[in-house]
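Before any comments, here is the structure.
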Amino acid sequence: MASCHFNLFDDLLTQCSREVLLYANPHWQFFRLTTGIYSIIPTSINYQLSAVIISCGLHGNETAPIELNQVWLQGILDGDWQPIRPILFIAGNPKAIFHHTRFIDYNLNRLFAIKRSTQQEKEAQGYETRRSQQIKQAVEHFVGLTHSVNKRLRLVHFDLHCSIRSSHYPFFAVLPVVLGEQSKWNIYRFLANASIQAVINMHKVVPTFSCYTAIKYHALSATIELGQAVPFGCNDLTKLESFSQKVIQFLTSTKIPLKTGTDFNQLQVFNVSEQLIKTHADLRFNFANDVKNFSQIAKGQLLGWQNGKPIQVSKNTYLVFPNPKVKIGQRALLLLETEYPDVEATKN
Ligand SMILES: [Zn+2]
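Taking this note's numbering, I'd label the letters of the sequence shown as residues 586 to 933.
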């Protein structure tokens, strides 16, 4: 019998602005910090281990990670898994989750700039702006709890998403530009072991949640895309079994599951070489609407048109996240080049 029955979807309906203890056992306590944000805090914190933030549903229609979070939380509360690290679970955008939509007023995953411009402040008034503040406060509170005199736990942050379109590599991660080389290699080895097929190294600071935690808290952060977004109930979670198992292993064990050996090169590593910003309303692309992420574009190929002028690529490249419908000033496309991981470098 469950020690504490918990339904994330029902609980998201709870309007809550103060911390509530939902369940406790001799090993850890389970709190709701505010609507959709929960912490699991071990009774005795081991400062040798890292603390973990797992966020999902920053885009309300990306359902698989939300279903996974329900599985993980219920498994912990049922006593199937014993977490040994402090964990912060965040369901990012409850209102958009209920409306089965990406966002209500503004893309929440563009509201985590360390410093926002006046233009962004003006554009982004609304539900998601308030929600991003709640999330930032919860993270600050969580980091404070896992902080003792002279000691701060290393923070790991997985921000889980699904892609709008299908991908040549359905399971891939986007890493903030600020990660150091050693941090990147550690994340590569974890992701490769968790059946993630590709990573994209960003080329600049962006206002995403994972970039925010990487900069502000020096977290080992990754945005992880877990297949194409489909409605609730239509996800085949068996496809995410390997990823899920590695996350559970990480939460419940002192040993981090990292990939070693020769099959490490299954992880395809890309670097962002260029981004296309939408500067004019007439932006359109010269490829099918359903083009897959990581599609190859040959040197000289016509990518599209903007401001009445053709957009051409100067070298062989791969495209990802094409979206001509973004607001003016936002990113409409990323272009990538490949980088082949050197297995020897992981031994340094
Ligand atoms: Zn997303």
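For glycine and all other residues, C-beta sits at the position ideal for the given N, C-alpha and C.
Per DSSP, L598 lies in no alpha helix (DSSP H) and is assigned neither H nor E.
Under DSSP, P650 shares a beta bridge with no residue.
Within the same chain, R617 and F674 come within 6 Å of Y623 by CB-CB distance, once the 5 residues on both sides are set aside. The beta carbons of H753 and F870 sit about 17 Å from each other, so the pair does not count as a contact at 8 Å. Taking the CA atoms as reference points, N646 sits about 30 Å from S768. Pairwise C-beta distances place the stretch 743 to 760 in contact with the stretch 804 to 812, as three or more of them are shorter than 8 Å. DSSP, read as helix, strand or coil, puts G660 in helix. Scanning the stretch 864 to 931 for uninterrupted beta strand (DSSP E) segments of 3 residues or longer gives 880 to 882, 887 to 891, 894 to 897, 902 to 905 and 916 to 924, listed from N- to C-terminal end.
For V741, the closest C-alpha among the options F615, I672 and A723 is that of I672. Nearest in C-alpha terms to Q851, of all of V784, V905, Q633 and C747, is V784. It is roughly 38 Å from the alpha-carbon of F817 to the alpha-carbon of V898. The residues D867, in chain order, have a CB closer than 7 Å to that of G893 in the same chain once the five nearest residues on each side in sequence are set aside. E713 has its CB no nearer than 8 Å to any heavy atom of ligand 1.
Counting other Cβ atoms within 10 Å of its Cβ, S795 reaches 16 or more and is therefore classed as buried. Burial check for F775: the Cβ neighbour count within 10 Å reaches 16 or more, so the residue is buried. In the pairwise beta carbon analysis, the stretch 630 to 640 is classified as not touching the stretch 817 to 830: fewer than three pairs are separated by under 8 Å. Straight-line spacing of the CA atoms in A698 and P792 works out to 4 Å. Proximity to ligand 1 was defined by a C-beta distance below 5 Å to any of its heavy atoms, and the residues meeting it, in sequence along the chain, are H644, E647 and H746. One Cα belongs to T823, the other to I882, and the distance between them is close to 33 Å. Following the DSSP letters along the chain, one finds Q722 inside the alpha helix (DSSP H) bounded by residues Y712 to L730. The three-state secondary structure of C819, taken from DSSP, is coil. E725 places its beta carbon 9 Å or farther from that of L693. Going by DSSP, T798 is part of the alpha helix (DSSP H) stretching over F794 to K801.
According to the DSSP secondary-structure assignment, D744 is paired through a beta bridge with S640 and T808. Residue pairing from DSSP places P627 in a beta bridge opposite W613.
The C-alpha of I862 lies about 45 Å from the C-alpha of Q614. Across the structure, I682 and H644 are spaced so that their CA atoms are roughly 8 Å apart. The Cβ atoms of L745 and L653 sit closer than 9 Å to each other.
For H732 against Q667, the beta-carbon gap comes to about 23 Å, at or over 8 Å, which does not count as contact. Residue pairing by DSSP places Y608 opposite F615 in a beta bridge. Excluding the 5 residues flanking it on each side, F906 has same chain C-beta neighbours closer than 6 Å at L919, in chain order.
Distance from I833 to W657 at the Cβ level is roughly 7 Å; contact confirmed, criterion being Cβ atoms closer than 8 Å. Within the same chain, I651, A676, G677, N678 and I682 come within 6 Å of G642 by CB-CB distance, once the 5 residues on both sides are set aside.
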